[in-house]
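> Taking our numbering, the leading residue of the sequence shown gets 3, the next gets one more, and so forth. For glycine and all other residues, C-beta sits at the position ideal for the given N, C-alpha and C.
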Amino acid sequence: MLRRLVLPTLFAVITPLAAVAQRPVKVYISVDMEGVAGVVTADQLLPSGFEYERFRGFMTAETLAAIQGARDAGATEFVVSDSHGNQENLLIEQFTPDVTIIRSSPRPLGMMEGIDSSFAAVVFIGYHASTTSPTGVRAHTFSSATLSAVQLNGTYMDEAGVNAAIAGEFGVPVVAISGDNAAVAEAQHIIGPIEGAVVKRAISFHAAATMTPQAAQALIREKVKAGVMRRGELRPYVAKAPIHLGLTFKNYRPSEALSYLSIVQRTGSHSIEFVGKDMVEVSKFIEFALYYSPELSP
C-alpha cells in the first residue's frame, strides 16, 4: 500500500519540475545604431551614407552576438526590435527561425514594441546617450531634429531609461546595454547596475575611439550572457504612476499645437506635460507627438 502512494506522489512532484525546466526563456532585444562600434556620423547611420550598407551589417552582427550571449545563458526565444531611423536596418536573413523581428513604424510601444510579461530579460544594443548629455556620440533622445529634453516624473531621461520603464510596466528587467561610455554610464545611473558593453569612447558628438567590430561583438556576447544569468537579481525599472511625461521641443510650434489637446498642459514656450496612467499610455503619446502630421498618407 505504501508503494502505491509513494510512486504517484513522486510523479506529481517531478512532472511540474520538468515543466518548469522546459519553460521558454524569452529575451527581448531592442537595437539602435548610434552605439554600434565604429559609428560616428551620418555616413554610417543613413541609407544615403557611403558606409551605411557595411554598418547595417555590423549592427546585425552585434545583435547576433547578443543573441548568442543570451543563448549561452540559457535563453531559448528572442524578439528583436529594429529601432533605428526608418527601423528597416537589420539584415533579417541572417537570423535563425527562433527569432521574431519587429520592423518599421509607427508602433504603440516604439522601440519596445512586442514586449510583454512573458519575457525574462531585456537587452539594449547600439544605444546612445540622451539629448541632455554633454558627451556621447550622436547623443539625442528619440528625435535629434525635434526634442531637446524628455522627462519622466521630473527626471531627465535617455532612450534606455524610457524603454526600461516600458519593460518595467510588464515586470521585465533590463539586464545589459551596449554603446559608448556615455550611453552605458547614463543608463546604469538611471536603471541600475546592469551589465554594460562599452564598445567605444566618445571624443565628441561626431568622433570616437572605437573597438573593432570583432572585439565589440565578443564583448557584447560576454556582457549579455552575464546579464541574462543575473536576471534574477536585477529589478525591473518602474516609473511611479501617474506618470508625468515632459517633452521639450527645439521649435516653438509643436508645444503650441499639442497644447490644444485637453490632455496636454503647456509648461513653457517649448515644453509640454502629459500625464499617463501607465507607460503604455506614455509611449503612445510619445509616438503621436513625434509621428503625427496632417500630411500623413498610407
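I need the DSSP call for Val201, collapsed to helix, strand or coil.
Strand at Val201.
> Leaving aside the five residues before and after Pro26 along the sequence, list all residues of the same chain whose C-beta is less than 7 Å from its C-beta, in chain order.
Correct list, in chain order: Thr78 and Glu79.
> Run the CB neighbour count on Asp100, radius 10 Å, all protein chains shown included, and call it buried at 16 or more, exposed below.
Counting Cβ neighbours within 10 Å, Asp100 comes out exposed, since fewer than 16 surround it.
> Give me the Cα-Cα distance between Asp84 and Ser145, rounded to the nearest whole angstrom.
Taking the straight line from one Cα to the other gives about 16 Å.
> Can you grab the Cα-Cα spacing for the pair Lys252 / Gly229, in whole Å?
Each residue's Cα considered, the two are about 36 Å apart.
> Determine the extent of the beta strand (DSSP E) in which Lys28 is found, giving its start and end residues.
Here the beta strand (DSSP E) through Lys28 covers Lys28 to Val33.
> Within 10 angstroms of the Cβ of Asn88, are there 16 or more other Cβ atoms? Answer buried if so, exposed if not.
Its Cβ having fewer than 16 others within 10 Å, Asn88 is exposed.
> Taking the beta carbon of Leu19 as the centre, do at least 16 other beta carbons fall within 10 Å, making it buried, or is it exposed?
Residue confidence for Leu19 is low, a pLDDT of 45 falling below 50, so the modelled location carries little weight and cannot support an answer.
> So Tyr254 is in the beta strand (DSSP E); what residue range does that whole segment cover?
Note, Tyr254: premise wrong, no beta strand (DSSP E); not H, not E.
> State buried or exposed for Tyr239, treating a residue as buried only when at least 16 other CB atoms are found within 10 Å of its CB.
Looking at its Cβ environment, which holds 16 or more other Cβ atoms inside 10 Å, Tyr239 is buried.
> Could you say if the segment 115-132 and the segment 26-39 meet the contact criterion of at least three C-beta pairs nearer than 8 Å?
Yes, the segment 115-132 touches the segment 26-39.
> What are the boundary residues of the beta strand (DSSP E) that Ala243 is part of?
Counting along the chain, Ala243 falls outside any beta strand (DSSP E), and DSSP gives it neither H nor E.
> Pick helix, strand or coil for Val284, following the three-state DSSP scheme.
Helix, per DSSP.
> In whole angstroms, give me the CA-to-CA distance for Ala217 and Pro296.
For Ala217 and Pro296, the distance between alpha carbons rounds to 46 Å.
> Can you pull the DSSP bridge partners for Val304?
Any answer about residue 304 is impossible in this case: the structure gives the chain only from 3 up to 300.
> Among the candidates Gly116, Gln96, Val33 and Gly181, whose CA atom is the shortest distance from the CA of Ala169?
Checked all of Gly116, Gln96, Val33 and Gly181; the closest Cα to Ala169 is Gly116.
> Identify, in the order they occur along the chain, each residue of the same chain with its Cβ nearer than 6 Å to the Cβ of Arg140, setting aside the five sequence neighbours on each side.
Once the five neighbours on either side are set aside, the close Cβ partners of Arg140 are Glu36 and His130.
> With a threshold of 6 Å on Cβ separation, who are the neighbours of Ala112 within its own chain once the five nearest residues in sequence on each side are excluded?
It is Gly, not Ala, that sits at residue 112 in the sequence shown. For Gly112, where only same-chain residues beyond five positions count, the Cβ hits under 6 Å are Ser285 and Glu289.
> Within 10 angstroms of its Cβ, does Lys242 collect 16 or more other Cβ (buried), or is it exposed?
Exposed, because fewer than 16 other Cβ atoms sit within 10 Å of the Cβ of Lys242.
> Buried or exposed: which applies to Gln153, given that a residue is buried once 16 or more other Cβ atoms fall within 10 Å of its Cβ?
Gln153 should be labelled buried.
> Quick one: residues in its chain with C-beta nearer than 8 Å to the C-beta of Thr269, no 5 flanking neighbours on either side, listed in chain order?
Around Thr269: Gly248 and Glu275.
> Taking C-beta to C-beta, are Phe60 and Pro175 nearer than 8 Å?
No, Cβ-Cβ distance for Phe60 and Pro175 is not below 8 Å.
> With Ser132 and Met114 assumed to form a contact (beta carbons below 8 Å), what rounded beta-carbon distance in angstroms separates them?
Wrong, their Cβ atoms sit about 17 Å apart, outside the cutoff.
> For the putative contact between Ile179 and Ile31, defined by C-beta atoms under 8 Å, what is the C-beta separation to the nearest angstrom?
Going by Cβ atoms, the distance from Ile179 to Ile31 rounds to 11 Å, so no, they are not a contact pair.
> May I ask you to report which of helix, strand or coil DSSP gives Leu149?
In this structure, Leu149 counts as strand in the three-state DSSP scheme.
> Going by the CB atoms, is the gap between His246 and Gly163 shorter than 8 Å?
No. Outside cutoff.
> Report buried or exposed for Thr65, applying the criterion of at least 16 other Cβ atoms within 10 angstroms of its Cβ.
With 16 or more other Cβ atoms within 10 Å, it is buried.
> Taking just the CA atoms, how far does Pro108 sit from Leu298?
Taking the straight line joining both Cα atoms gives about 12 Å.
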